[in-house]
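Everything on this sheet refers to the single structure shown next.
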Amino acid sequence: MLSLEGTYCQAIKISQNVVEDIRFGRKLYLDPIDTISAQICKYRNEDANILILLNNFKDKYPYLISHPVNVAFISFVIGIWLDLIETKLSNLVKAALLLDIGKAKIKDSLLNKPEELTLAEAEKLKAHPVTGYKILHSTGKFGKEVLSGVLFHHERMDGSGYPIGLKGENINLISRIIAVADTYDAITSDKAYGKKYFPLQAIQEIMENSIGLDQEICRIFVMHMINYYCDREVLLNNGRLGYIASINLKNISKPLVNCDDKYIDLALENDIEIVEIH
Numbered sequence: 001m002l003s004l005e006g007t008y009c010q011a012i013k014i015s016q017n018v019v020e021d022i023r024f025g026r027k028l029y030l031d032p033i034d035t036i037s038a039q040i041c042k043y044r045n046e047d048a049n050i051l052i053l054l055n056n057f058k059d060k061y062p063y064l065i066s067h068p069v070n071v072a073f074i075s076f077v078i079g080i081w082l083d084l085i086e087t088k089l090s091n092l093v094k095a096a097l098l099l100d101i102g103k104a105k106i107k108d109s110l111l112n113k114p115e116e117l118t119l120a121e122a123e124k125l126k127a128h129p130v131t132g133y134k135i136l137h138s139t140g141k142f143g144k145e146v147l148s149g150v151l152f153h154h155e156r157m158d159g160s161g162y163p164i165g166l167k168g169e170n171i172n173l174i175s176r177i178i179a180v181a182d183t184y185d186a187i188t189s190d191k192a193y194g195k196k197y198f199p200l201q202a203i204q205e206i207m208e209n210s211i212g213l214d215q216e217i218c219r220i221f222v223m224h225m226i227n228y229y230c231d232r233e234v235l236l237n238n239g240r241l242g243y244i245a246s247i248n249l250k251n252i253s254k255p256l257v258n259c260d261d262k263y264i265d266l267a268l269e270n271d272i273e274i275v276e277i278h
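full-length UniProt numbering numbers the first residue of the sequence shown as 1 and each following residue consecutively.
In structure tokens, the structure reads:
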């Protein structure tokens with residue numbers, strides 16, 4: 001059995017191979033997706049270690065390659081917290097690993113464009129779920145649950161998503177889970193576009209501005225992530241080390257920090273902030 005770190009690195013290689021197969025017009029070999037999904041699902045009792053792993057590997061690989069892998073692991077962790085059965089967990093991981101397969105058909109110059117996209121460019125980018133669905137459907141390898149997860153992961157509960165504009169529970173559960181994981185990894189990653197959030201800022205953003213996401217999944221995600229970050233060691237911008245003593249739901253990004261038995265409430269400090277979480 002591969003180590004957790006080895007599993008992540010293997011998933012990165014598989015993700016890269018899938019992208020390159022599509023870009024270079026090679027025969028698409030998807031059996032490794034089944035293999036690595038089964039391997040990931042063996043870590044059902046390792047949710048905390050998975051989060052540590054993702055933090056350690058953050059931004060070490062190109063976004064197009066690492067993002068699906070990160071989303072797969074985060075989705076898996078959310079699935080654990082939702083107590084999903086094994087078959088649904090497996091399909092969730094497969095769909096997440098393949099969520100952006102349609103982007104392999106889009107040039108890097110567009111994917112990495114830092115400026116605001118034109119309407120035509122935005123529409124081309126928004127077509128990636130349909131493109132990915134068509135690629136996967138043509139292989140005949142995956143069932144409806146995986147295909148729907150890929151096709152609908154950008155749908156939103158209020159109908160504001162794409163490609164169809166589905167609402168509420170008309171969006172399948174796998175897509176709703178992936179939407180939360182996708183959002184979290186996207187806003188905490190280095191990209192050519194968009195603001196990068198610190199993890200606690202991202203958790204607060206999801207809690208406060210997630211109207212299009214499944215609110216119950218967001219609630220469970222936020223509560224578990226807060227529990228995970230409590231007691232984590234942090235480095236402050238004044239050079240001091242400490243640990244997170246407690247997190248206020250009303251101000252998640254500014255927790256109470258214990259530095260050498262002196263408590264610092266970051267909500268009351270304008271000049272002190274966390275720069276690293278270990």
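A virtual CB, placed ideally from N, CA and C, is assigned to each residue, including glycine.
Taking the CA atoms as reference points, Lys167 sits about 19 Å from Val146. By the CB criterion at 8 Å, Val69 and Ile12 fall inside the cutoff. Note on Pro255: 16 or more other CB atoms within 10 angstroms of its CB, so buried under the neighbour-count rule. Taking every protein chain shown into account, the CB of Thr87 has fewer than 16 other CB atoms within 10 angstroms, so this residue is exposed. Remark: three or more beta-carbon pairs, one from each stretch, lie closer than 8 Å, so the region 142-156 and the region 97-115 are flagged as touching.
Gly6: member of the alpha helix (DSSP H) spanning Leu4 to Arg23, first to last residue.
In the three-state scheme derived from DSSP, where H, G and I count as helix and E and B as strand, Gly242 is classed as strand. Across the structure, Asn91 and Ile74 are spaced so that their CA atoms are roughly 14 Å apart. With the rule of 3 Cβ pairs closer than 8 Å, the region 216-231 counts as touching the region 241-261.
Residue Leu136 holds the alpha-carbon nearest to the alpha-carbon of Ile22 among Glu205, Leu136 and Ala96. Pairwise C-beta distances place the region 51-69 in contact with the region 185-200, as three or more of them are shorter than 8 Å. Annotation: Glu115 to Gly159 spans about 27 Å, alpha carbon to alpha carbon. For the region 127-154, the full-length alpha helix (DSSP H) segments reaching 4 residues or more read 128-139 and 144-151 along the chain. Val77 places its beta carbon less than 8 Å from that of Leu51. Within its own chain, the residues whose Cβ lies closer than 7 Å to the Cβ of Leu2, once the five positions on either side in sequence are excluded, are Gln10 and Gln39, listed in chain order. Using a Cβ-Cβ distance cut-off of 8 Å, the region 203-218 and the region 175-184 are in contact, since at least three pairs of beta carbons, one from each stretch, lie closer than that value.
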